[in-house]
Amino acid sequence: MKTYIVYGRSNSEYASGMVSKPQNRIDVVKPMLDQFNIKIREFLFTSSESFNFFSIVEAENDSDVEALSAVVFSSGTWDSMHWSRAYDSQEYKKIYEKAHDGVNSYVTSMQLAGDG
């Protein structure tokens, strides 16, 4: 399973629903997450201006997280919904090892133009 950060900003319709009937949203969304085989590590609400929801999840692939985000965003109760792949330090080291191995074959546009 890969780690992802999912974050977004709910809108006034979301707030209206929560004021009308306060809910533990993790209980409500869990069946949908199970359908996409997505596991929750953190499910948090924040007071940030740019986003007020932040979650860390585990999923098999990007398309599952993108599908989940599309379903949530299509509800009309979110102004934004974003996700990003997250890497632990060992995974990130491997990425840079791969970059290290490939750097000698890279030619910049300036080098190709004869200016570098």
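Just so we're aligned, residue 2 is where the sequence shown starts under the working numbering, counting upward by one.
Using N, Cα and C, we set each Cβ at its ideal position, and we do this for glycine too.
Can you tell me whether DSSP reads residue i as helix, strand or coil?
{"i": "Ser56", "result": "strand"}
{"i": "Glu67", "result": "helix"}
{"i": "Ala114", "result": "coil"}
{"i": "Val108", "result": "coil"}
{"i": "Tyr93", "result": "helix"}
{"i": "Lys22", "result": "coil"}
{"i": "Ile39", "result": "coil"}
Can you say whether residue i is buried or exposed, counting buried as having 16 or more other CB atoms within 10 angstroms of its CB?
{"i": "Leu69", "result": "buried"}
{"i": "Phe46", "result": "exposed"}
{"i": "Asn53", "result": "buried"}
{"i": "Tyr5", "result": "buried"}
{"i": "Met111", "result": "exposed"}
{"i": "Val66", "result": "buried"}
Can you list, in chain order, the residues of its chain whose CB lies under 7 Å from that of residue i, leaving out five sequence neighbours each side?
{"i": "Gly77", "result": "Glu14"}
With respect to the beta strand (DSSP E) encompassing residue i, which residues constitute its N-terminal and C-terminal limits?
{"i": "Glu50", "result": "Looking at the DSSP string, Glu50 is not in any beta strand (DSSP E), and its letter there is neither H nor E."}
{"i": "Met82", "result": "Trp79 to Ala87"}
{"i": "Ile6", "result": "Lys3 to Ser11"}
According to the Cβ coordinates, are residue i and residue j closer than 7 Å?
{"i": "Phe55", "j": "Tyr8", "result": "yes"}
{"i": "Glu59", "j": "Lys31", "result": "no"}
{"i": "Arg42", "j": "Ile57", "result": "yes"}
{"i": "Arg10", "j": "Asp89", "result": "no"}
{"i": "Met82", "j": "Val72", "result": "no"}
Quick check: is any heavy atom of the ligand GTP less than 6 Å from the C-beta of residue i?
{"i": "Lys3", "result": "By its list of ligands, the structure shown contains no ligand whatsoever, and the ligand GTP lies outside what it can speak to."}
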